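Student:
Dropping the structure here:
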């Protein structure tokens, strides 16, 4: 696309950013014309967040320039970016629930006369802005009492109130219901009419196509394309986002699957965002069962139900034919269920605690670490040292806190702890998240080896490549419901899974 | 999307040769002592300022206090006697703290345990050792049972433990008053109290009232230390307190651990009450039995931080304050309130995290 740099309100010129072994952005150039809505699309890990962190001064690129008002700039921090009118509306809203919306609005920038807050001026100004963009805000209600869509509008108005003319919205619709989304999109259009420039980061193609003037797609840290939105349609766009190139080698199962280990039968849950289920599937010995879905579509809740952290509302979970629907986490683990948490720093590890404790936990009630309730610190240290060595965790002393390991080594520790117990069933959520490329391949090898040893594996991942490479079947979750089970070996599996993740029905599905 | 940033964590490169295990141990002990002493030193400075402002030489007062708390045989015995109840309530509270629960249940347990033991020691006849053990066991049971309610409220209904245990302190206080005045009142006594127990726990340094209860408390600290380091259940307790989400995901029954910790707090504090009733007071007196020992126990547990052994010096210090306070009363130009100032300041700064202060300064430098 050929956009004259002079009209660029905000943009990037050949920006690169590297974190350890991961090249988060390579040579990214894009530009957003003044008074337009520009959608930024891409899978998780495509580099969207890194890019907006650079544009808003939260992070400095290794190479290249941020462009603001057609000029190369270097923001030393978010404050400087804000001074030039650029503000980010985060997904996690930062309002004080006990203050009214008006109080929240002026917080930190209270208009004062002789040290007393001038509420009248604040209110007049607030109402002016709200009216100009067609938002209706109940100014005197507490932020905690209004719906999240209103909170979000307030957050946007707050940016304008402080003088921003360029808004970067990070997945604003992820937390909204459909009707609220409509309102948000109307608001964005109105903001544009009022002369603001908007970058909209989203997973949802429809939204991008509905309101954006232009669309930029990122994949693997590179710009795939920048096009006018009206030249694009959904299938093209989803293909651009997901990509067609299968770089990874498949690691297909050689042995036929054995007995059924896990049977999920019409399970229903009260999920975090919405009810989940009913969902049914079976996983056999020596099989990797993948679960795909855009974050927040119920797969996280499903994982918690499998390990026993979230109660089922209906249906049954059977493990080796035994009903474990109401069994505790401890009972399931004792029966042979392993769990690799998607939240390594809070749930997978006790990050401030010594490595030895992190490895020993779960084994600390039984021989050789304990006998009749008496725990042997010496045996725990030997056990930990053995596992850390076997799983090639690069570590210092076993008494060092887990936080001293790199992300990849932390996850190898978790793998070691779980896989060394030789589980019948391993529930692995986002097992390679936040791990560098070499670490990823080592961890994936461990999964494949566990499978070859007969473990049944449920693999939940945001990385479609990973699912396609490792899984024997892939279940797609959408809005808490199963949207089909796919065979990743089929030639068009990636595109069909990608469509299903976005809620588009597809034709053939393999049966469970 | 967080992939790139998450990998930017500390890489693992051995930066410095690891110090000898022995040196590290010494350093960590020194650090613990320093952390425990910091609030005390701050308190002494604040108290010194107050004294100075009143025209009294603080050093002279401190010397007097020190001499009377530790300098003589009688003084030391008095200090350890005063330390005994708060060592029990300190251990009691520390158990809940370990589970990450801010239980205030020690006061209720202490009072109920005291009454139960005083009543059983009079009501049951038999050889003194048997009656003593029975009275203590009864007290422990009473303290445990009473704590079941706030513990169940916490684990079943998510009722905040600070609220429930505080409210149950009032319930306990009212309950013992009603029981004593209604059923257990000793005839011919001026204040509401139970009948005097016909025996007393063995004395260690007669004629002082320092008794075997202090030894029991120290043994309890040792048992607590062993429990934490050498038992699987101790490891459960530790993990629940450090990171409950992690503990739950590893299969530790978090709610059960929290429940048991809260019940243990009541039971251990009740044992302290029994020791106090049988060893020092000789009966249960409504309103006058516990000088807020349960709440001082919270300060003891806070001051000891996460160290089991640290509970002993912390309790001894509060014992010294209490003991020296009675001495200071004899000198009419020294305000007795200085003891309260010192105690209060220690409590405030016991909660303060001095380590954080150091950390912040280092990161600025």
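Chains as they are written, first to last, in my numbering: chain A, 223 to 734; chain B, 154 to 518.
In this text, a Cβ means the ideal position worked out from N, Cα and C, and glycines have one as well.
Predicted model, so just to flag it, every value in this text is computed and none were measured.
For chain A, find out if any of its Cβ atoms is closer than 9 angstroms to the Cβ of residue 386 of chain B; answer yes or no.
Tutor: Chain A, which has a Cβ nearer than 9 angstroms to the Cβ of residue 386 of chain B, makes this yes.
Student: Kindly confirm or deny that the segment 430–437 of chain B and the segment 194–206 of chain B touch, where touching means at least three C-beta pairs closer than 8 angstroms.
Tutor: Because the criterion of three Cβ pairs below 8 angstroms is not met, the segment 430–437 of chain B and the segment 194–206 of chain B do not touch.
Student: Between residue 720 of chain A and chain B, is there a C-beta pair that is closer than 9 angstroms?
Tutor: No - not a single Cβ of chain B is within 9 angstroms of the one on residue 720 of chain A.
Student: Around the Cβ of residue 279 of chain A, are there at least 16 other Cβ atoms within 10 angstroms (buried) or fewer (exposed)?
Tutor: Buried, since its Cβ has 16 or more Cβ neighbours within 10 Å.
Student: Is the separation between the beta-carbon of residue 429 of chain A and that of residue 261 of chain A shorter than 9 angstroms?
Tutor: Contact: yes.
Student: Going by other Cβ atoms of all chains shown within 10 Å of its Cβ, with 16 needed for buried, is residue 374 of chain B buried or exposed?
Tutor: Residue 374 of chain B comes out buried.
Student: Taking 9 angstroms as the threshold (C-beta atoms), are residue 296 of chain B and residue 420 of chain B in contact?
Tutor: It is a contact, given that the beta carbons lie within the stated cut-off.
Student: Starting from the beta carbon of residue 406 of chain B, find every residue of chain A whose beta carbon is closer than 7 angstroms, and list them in chain order.
Tutor: By Cβ distance, chain A contributes 550 and 552.
Student: Along chain A, in chain order, which residues have C-beta atoms closer than 7 angstroms to that of residue 403 of chain B?
Tutor: Neighbours of residue 403 of chain B on chain A, chain order: 583 and 584.
Student: Tell me which residue opens and which closes the alpha helix (DSSP H) that residue 634 of chain A is part of.
Tutor: Segment 629–641, the alpha helix (DSSP H) holding residue 634 of chain A.
Student: Can you find a C-beta in chain B that's less than 9 angstroms from the C-beta of residue 587 of chain A?
Tutor: It does: the Cβ of residue 587 of chain A has a partner Cβ on chain B nearer than 9 angstroms.
Student: Unbroken alpha helix (DSSP H) runs of length 4 or more, entirely within the segment 422–475 of chain B: which are they?
Tutor: Within the segment 422–475 of chain B, the complete alpha helix (DSSP H) runs of at least 4 residues are 446–456.
Student: Answer yes or no: do residue 480 of chain B and residue 217 of chain B have a C-beta to C-beta separation smaller than 9 angstroms?
Tutor: Yes, Cβ-Cβ distance for residue 480 of chain B and residue 217 of chain B is below 9 angstroms.
Student: According to DSSP, which residues form a beta bridge with residue 249 of chain B?
Tutor: Its beta-bridge partners do not exist; DSSP assigns none.
Student: In the DSSP assignment, find the beta strand (DSSP E) that holds residue 209 of chain B and state where it starts and stops.
Tutor: Per DSSP, residue 209 of chain B belongs to no beta strand (DSSP E) and is neither H nor E.
Student: Under 8 angstroms: do the segment 637–645 of chain A and the segment 488–502 of chain A share three or more Cβ pairs, one atom per stretch?
Tutor: With a cut-off of 8 angstroms, the segment 488–502 of chain A and the segment 637–645 of chain A do not count as touching, because too few Cβ pairs lie within range.
Student: Going by the CB atoms, is the gap between residue 364 of chain B and residue 346 of chain B shorter than 9 angstroms?
Tutor: The answer is no: Cβ separation not under 9 angstroms.
Student: Is residue 295 of chain A near residue 389 of chain A, with beta carbons less than 9 angstroms apart?
Tutor: For residue 295 of chain A and residue 389 of chain A, no; Cβs fall outside 9 angstroms.
Student: With distances taken between CB atoms, is the gap from residue 286 of chain A to residue 232 of chain A smaller than 9 angstroms?
Tutor: Cβ distance not < 9 angstroms, so residue 286 of chain A and residue 232 of chain A don't count as in contact.
Student: Which bits of chain A does residue 393 of chain B rub up against, with CB to CB less than 7 angstroms?
Tutor: What residue 393 of chain B touches in chain A: nothing, since even the nearest Cβ is about 10 angstroms away.
Student: Find the residues of chain B that neighbour residue 571 of chain A, judging by a C-beta separation of less than 9 angstroms, and give them in chain order.
Tutor: 396 and 399, listed in chain order.
Student: Please name the residue in A:331, A:367 and A:410 whose C-alpha comes closest to that of residue 180 of chain A.
Tutor: Not covered by the structure: residue 180 of chain A. The range shown for chain A is 223 to 734.
Student: Hey, is residue 382 of chain B's beta-carbon within less than 9 angstroms of any beta-carbon in chain A?
Tutor: Answer yes: the Cβ-Cβ gap between residue 382 of chain B and chain A drops below 9 angstroms somewhere.
Student: Distance, Cα to Cα, residue 519 of chain A vs residue 440 of chain A?
Tutor: Residue 519 of chain A and residue 440 of chain A: Cα-Cα distance of roughly 22 angstroms.
Student: Residue 225 of chain B by DSSP, collapsed to three states: which one?
Tutor: Coil.
Student: Strictly below 8 angstroms CB to CB, what residues from chain B border residue 514 of chain A?
Tutor: Under the 8 angstroms cutoff, chain B gives no residues; its nearest Cβ is about 17 angstroms from residue 514 of chain A.
Student: Is the beta carbon of residue 649 of chain A less than 9 angstroms from the beta carbon of residue 696 of chain A?
Tutor: In this structure, residue 696 of chain A does not lie closer than 9 angstroms to residue 649 of chain A by Cβ.
Student: Using a Cβ-Cβ cut-off of 7 angstroms (strictly less than) and excluding sequence neighbours within five positions of residue 618 of chain A, which residues of its own chain qualify?
Tutor: Closer than 7 angstroms at the Cβ level, and outside the excluded window around residue 618 of chain A, lie 626.
Student: Closer than 9 angstroms by beta-carbon distance: list the chain C residues that pair up with residue 597 of chain A, in chain order.
Tutor: Checking the listed chains, one finds no chain C in this structure; the protein chains it contains are A and B.
Student: Should residue 178 of chain B go down as buried or exposed, given a rule of 16 or more other Cβ atoms within 10 Å for buried?
Tutor: The residue in question, residue 178 of chain B, is exposed, as its Cβ has fewer than 16 Cβ neighbours within 10 Å.
Student: If you follow the beta strand (DSSP E) that residue 390 of chain A is in, where does it begin and where does it stop?
Tutor: Residue 390 of chain A -> beta strand (DSSP E) spans 388–392.
Student: Which of the three DSSP states is assigned to residue 685 of chain A in this structure?
Tutor: Coil at residue 685 of chain A, not helix or strand.
Student: Under the DSSP definition of a beta bridge, which residues are partnered with residue 438 of chain A?
Tutor: For residue 438 of chain A, which the question treats as bridged, DSSP gives the partners A:262 and A:448.
Student: Kindly indicate which three-state DSSP category residue 234 of chain A falls into: helix, strand or coil?
Tutor: Reduced to three states, the DSSP call for residue 234 of chain A is strand.
Student: Any idea if residue 476 of chain A is buried or exposed, counting beta-carbon neighbours within 10 angstroms, 16 or more meaning buried?
Tutor: Residue 476 of chain A comes out exposed.
Student: Leaving out five residues before and five after residue 715 of chain A in sequence, what residues of the same chain have Cβ atoms less than 6 angstroms from its Cβ?
Tutor: Counting only Cβ-Cβ distances below 6 angstroms, and skipping sequence neighbours, we find 708.
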